[in-house]
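Student: In the numbering used here, the protein residues as written are 25 to 518.
My structure is below; once you've seen it, I'll send some questions.
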Amino acid sequence: MNVIRPQITVLNSEQIAQIHESSLQILSDVGVRVDSEGARRIFARAIGRPVDDDGYVRIPPEWVARALSTAPSAIDVYDRRGDHAFRLGGGDEQVQTQLQAQLQAQPQAQPQARFGIGVTALYYQDPETDDVTPFARRHMAQMVRLGNVLDSFDLISTVGIVQDVPPEWSDLYATLEMVANTVKPLSILISDEERFSDVLDLIVHLHGDLASRPFVIPYFNPITPLVMNEGTTDKMRTTIERGLPFMYSNYGMVGATTPITPASTLVLLNAELLAGLTFSQIVQEGAPVILGCLPAFFDMQGMGSFYDAQSYLINLACAEMMAHYQLPHCGASGSGMGWGADLIAGGHQWMNHLTSCMGKIGLAPFVGDNLDSKAFSPAVVIYANEVIAQARRLARGFPLDEASIALCEIEQAGPGGNYLTSDLTFERFRDAYFRSDIWPNLTFEEWQEQGHPQPTRLLRRYACELLDRLAPPEDHADLMARGESFIARLSTSI
Numbered sequence: 025m026n027v028i029r030p031q032i033t034v035l036n037s038e039q040i041a042q043i044h045e046s047s048l049q050i051l052s053d054v055g056v057r058v059d060s061e062g063a064r065r066i067f068a069r070a071i072g073r074p075v076d077d078d079g080y081v082r083i084p085p086e087w088v089a090r091a092l093s094t095a096p097s098a099i100d101v102y103d104r105r106g107d108h109a110f111r112l113g114g115g116d117e118q119v120q121t122q123l124q125a126q127l128q129a130q131p132q133a134q135p136q137a138r139f140g141i142g143v144t145a146l147y148y149q150d151p152e153t154d155d156v157t158p159f160a161r162r163h164m165a166q167m168v169r170l171g172n173v174l175d176s177f178d179l180i181s182t183v184g185i186v187q188d189v190p191p192e193w194s195d196l197y198a199t200l201e202m203v204a205n206t207v208k209p210l211s212i213l214i215s216d217e218e219r220f221s222d223v224l225d226l227i228v229h230l231h232g233d234l235a236s237r238p239f240v241i242p243y244f245n246p247i248t249p250l251v252m253n254e255g256t257t258d259k260m261r262t263t264i265e266r267g268l269p270f271m272y273s274n275y276g277m278v279g280a281t282t283p284i285t286p287a288s289t290l291v292l293l294n295a296e297l298l299a300g301l302t303f304s305q306i307v308q309e310g311a312p313v314i315l316g317c318l319p320a321f322f323d324m325q326g327m328g329s330f331y332d333a334q335s336y337l338i339n340l341a342c343a344e345m346m347a348h349y350q351l352p353h354c355g356a357s358g359s360g361m362g363w364g365a366d367l368i369a370g371g372h373q374w375m376n377h378l379t380s381c382m383g384k385i386g387l388a389p390f391v392g393d394n395l396d397s398k399a400f401s402p403a404v405v406i407y408a409n410e411v412i413a414q415a416r417r418l419a420r421g422f423p424l425d426e427a428s429i430a431l432c433e434i435e436q437a438g439p440g441g442n443y444l445t446s447d448l449t450f451e452r453f454r455d456a457y458f459r460s461d462i463w464p465n466l467t468f469e470e471w472q473e474q475g476h477p478q479p480t481r482l483l484r485r486y487a488c489e490l491l492d493r494l495a496p497p498e499d500h501a502d503l504m505a506r507g508e509s510f511i512a513r514l515s516t517s518i
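So, in structure tokens, the structure goes:
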């Protein structure tokens, strides 16, 4: 089917080759510091030479090439019920053929980019007042339910750090609330590295087998620049042993932890991702991994990080490198900016989500944070739900075929006619344009009659009403009871 579909491409073949060769040079000449003795031994056995006394591992290009040849090009993700949710990646010819067949059968099918809410905020921001309070267990339950009902979101990430339970059990209670309050796929970020295996055991206790139809994707960060910290490599090995896919994503601050130029930042971050990929494939060939970066900038005056327009350009370039490597991708989510559901946050949500849908972004898993990613705002998430829907609508394009051109309708209406009662109008008017759940299409006169309503006020009111209506899944009570019992037994055994 002939479809007009807008796309963004930022790299040509020569630039892709230059980025790749520069990344290989960093890995072979500079190397990466590997903090785990066990991980260093794994590298040494594979590469065939001992690791330097400084802990630096210099990775030969042939081992990167080998890793690229064994890593899966696509990962299927399921929901908690075992139903297929979405596929990330698909660079090989067979997957591309399947995707093309799907587009021909369903020209209005969703684009590749997927979105999730989160992540790991310290505070909850009230949608009515913007007041912030420490993130609590009740906030986790409610925000996961919110993500469960918003159609534009495909995945729920660990929304916040639960602070009203003992710190040593925070990750377990947070994960229990996630499993019990949604059926959507989950991305889990575990802050206490010693609890990682316990968290996976909890999910197995609640759900059973995780590997055959994975709905849980752990998320790991190396330390930029060029450090594979012990906790990350240990959790990678545990995840691989359990047969789960995972996200391996680096966070760079331009001018602080990465060089000041976007080009050098891109090359450095790409090298780190290739190092993580190589380690994963040395541990087990064919281990499923999702790669991506969060390219922030560093504010020399405020001594904090922030996202810039160049961040989203680096994000797009990283996604194109992963597409070139035929690897699943995850990346930036347009969050962290703004002081609430405001113009600042709105601009970044649009910039990220529109470019994601029109580029090669695979997954943007962390929508909803602001105030330097310290506070989670349900109002921002609800706003982003509409932004994503419109961005997807634009990226889908529209068909250009005989039925859509509809010359017969033009002939019937003739000069000076109208199409208000035409057959095609009656057939398609319900989905011909976007309708907001939050804001009505007011005429000037209606806007005046209603006392000049403020869009932000309507968003806040809608958010509060939606939060009041949220309900848990049907099996919520059973999962909570079994999860609480598991955590209680674990706490008494230690």
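Cβ coordinates follow ideal geometry from the N, Cα and C atoms, glycine included.
The structure displayed is predicted, hence computed values, not measured ones.
Decide if residue 236 is buried, meaning its Cβ has at least 16 other Cβ atoms within 10 Å, or exposed.
Tutor: Residue 236 is exposed by the Cβ-count criterion.
Student: Three or more C-beta pairs closer than 8 angstroms, one from the segment 282-296 and one from the segment 59-76: is that the case here?
Tutor: At 8 angstroms Cβ cutoff, the stretches do not touch.
Student: Measure the C-alpha to C-alpha separation of residue 506 and residue 228 and round it to an integer number of angstroms.
Tutor: Looking at the two C-alpha atoms, the distance is approximately 11 angstroms.
Student: Going residue by residue through the segment 31-81, where are the continuous alpha helix (DSSP H) segments of at least 4 residues, counting only ones entirely within it?
Tutor: Segments of the alpha helix (DSSP H) lying fully in the segment 31-81: 37-49, 61-71.
Student: Evaluate the contact criterion for the segment 192-212 versus the segment 166-174: three or more CB pairs, one atom per stretch, below 8 angstroms.
Tutor: Yes: the two stretches touch, three or more of their Cβ pairs being nearer than 8 angstroms.
Student: I need the boundaries of the alpha helix (DSSP H) containing residue 347, first residue and last residue.
Tutor: Where residue 347 is concerned, the enclosing alpha helix (DSSP H) stretches over 333-349.
Student: At the level of alpha carbons, what is the spacing between residue 338 and residue 217?
Tutor: Computed Cα separation, rounded: 30 angstroms.
Student: Below 6 angstroms CB to CB, which residues in the same chain sit around residue 571 once its five sequence neighbours on both sides are set aside?
Tutor: In the structure as shown, the chain begins at 25 and stops at 518. Residue 571 is therefore absent and cannot be evaluated.
Student: Per the contact definition of three or more C-beta pairs closer than 8 angstroms, is the segment 430-445 in contact with the segment 478-498?
Tutor: Flag = no, the segment 478-498 and the segment 430-445 do not touch.
Student: Figure out for me which residue from 54, 423, 363 has the closest Cα to the Cα of residue 151.
Tutor: Nearest option by C-alpha distance: 363.
Student: Could you tell me the alpha carbon to alpha carbon distance between residue 409 and residue 62, rounded to whole angstroms?
Tutor: Each residue's Cα considered, the two are about 43 angstroms apart.
Student: With C-beta atoms as the reference, is residue 247 less than 9 angstroms away from residue 256?
Tutor: The answer is yes: Cβ separation under 9 angstroms.
Student: How long is the line joining the alpha carbons of residue 378 and residue 509, rounded to whole angstroms?
Tutor: Distance between the alpha carbons of residue 378 and residue 509: 44 angstroms.
Student: Excluding the 5 residues flanking residue 79 on each side, which residues of the same chain have their C-beta closer than 8 angstroms to its C-beta?
Tutor: Taken in chain order, the residues that qualify are 57, 58, 59, 64.
Student: For residue 372, count neighbouring C-beta atoms within 10 Å of its own C-beta (all shown protein chains included) and say buried if the count is 16 or more, exposed if not.
Tutor: Per the 10 Å Cβ criterion, buried.
Student: So, at 8 angstroms on beta carbons, what are the nonlocal neighbours of residue 455 in its own chain, with the 5 sequence-adjacent residues on each side left out?
Tutor: Excluding positions up to five away in sequence, the list is empty.
Student: Let me check understanding here. Comparing Cα to Cα, which of 250, 149, 304, 331 lies closest to residue 291?
Tutor: Of the candidates 250, 149, 304, 331, the one whose C-alpha sits nearest the C-alpha of residue 291 is 250.
Student: The beta strand (DSSP E) with residue 272 in it runs from where to where?
Tutor: Run containing residue 272: 270-278, per the beta strand (DSSP E) assignment.
Student: Look at the alpha carbon of residue 30 and the alpha carbon of residue 110, and state the distance between them as a whole number of angstroms.
Tutor: Cα to Cα, residue 30 sits roughly 22 angstroms from residue 110.
Student: Could you tell me the alpha carbon to alpha carbon distance between residue 90 and residue 347, rounded to whole angstroms?
Tutor: Answer to the nearest angstrom: the Cα atoms are 17 angstroms apart.
Student: For residue 294, tell me which candidate among 27, 391, 44 has the shortest Cα-Cα distance.
Tutor: Checking every option, the nearest Cα to that of residue 294 belongs to 44.
Student: Compute the distance between the beta-carbons of residue 273 and residue 245, then report whether it is under 9 angstroms.
Tutor: Yes, they are a contact pair.
Student: Just to confirm the assignment, what range does the alpha helix (DSSP H) spanning residue 409 have?
Tutor: Unbroken alpha helix (DSSP H) run through residue 409: 402-420.
Student: Suppose the cutoff is 7 angstroms on Cβ atoms and the five residues either side in sequence are ignored; what does the same chain contact list for residue 222 look like?
Tutor: Closer than 7 angstroms at the Cβ level, and outside the excluded window around residue 222, lie 196, 514.
Student: For residue 302, does the count of other Cβ atoms within 10 angstroms reach 16, so buried, or fall short, so exposed?
Tutor: Counting Cβ neighbours within 10 Å, residue 302 comes out buried, since at least 16 surround it.
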